[in-house]
Amino acid sequence: MVYPNPTKGVINLHLLEKPATAYRVQVSDMYGRIIYSKNISAEEQNLTIDLEGNVTGVYFLHLYHETKNTVKKIILK
Numbered sequence: 006m007v008y009p010n011p012t013k014g015v016i017n018l019h020l021l022e023k024p025a026t027a028y029r030v031q032v033s034d035m036y037g038r039i040i041y042s043k044n045i046s047a048e049e050q051n052l053t054i055d056l057e058g059n060v061t062g063v064y065f066l067h068l069y070h071e072t073k074n075t076v077k078k079i080i081l082k
């Protein structure tokens, strides 16, 4: 779950299920440029990401896990 969306800068990521292993979170712009990347331990289910200072527009949050990859669209106002 990613909220708030749309956002003015700060987004929260909450995993509904606790992953068995570590995972990676990345945020990219519409051109595929990575603007945020972090490896997260399996114990962490919540993450706050600050996107302030970036140009308004559409971004993509990528969640990479060994068994599943997920992409969520984020709108930055």
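Sequential numbering of the sequence shown, starting at 6, is according to this note's numbering.
We treat Cβ as the ideally placed atom computed from N, Cα and C, and that holds for glycine.
L20 is not bridged by DSSP to any residue. Minimum Cα-Cα distance from Y64 among the listed residues I54, I79 and L52 corresponds to I79. The continuous beta strand (DSSP E) containing R29 extends over residues Y28 to D34. The DSSP-derived three-state label of G14 is coil. Secondary structure at K78: strand, using DSSP grouped into helix, strand and coil.
If you ignore the 5 residues before and after H67, its C-beta comes within less than 6 Å of the C-beta of Q31 and V76, all in its own chain and listed in chain order.
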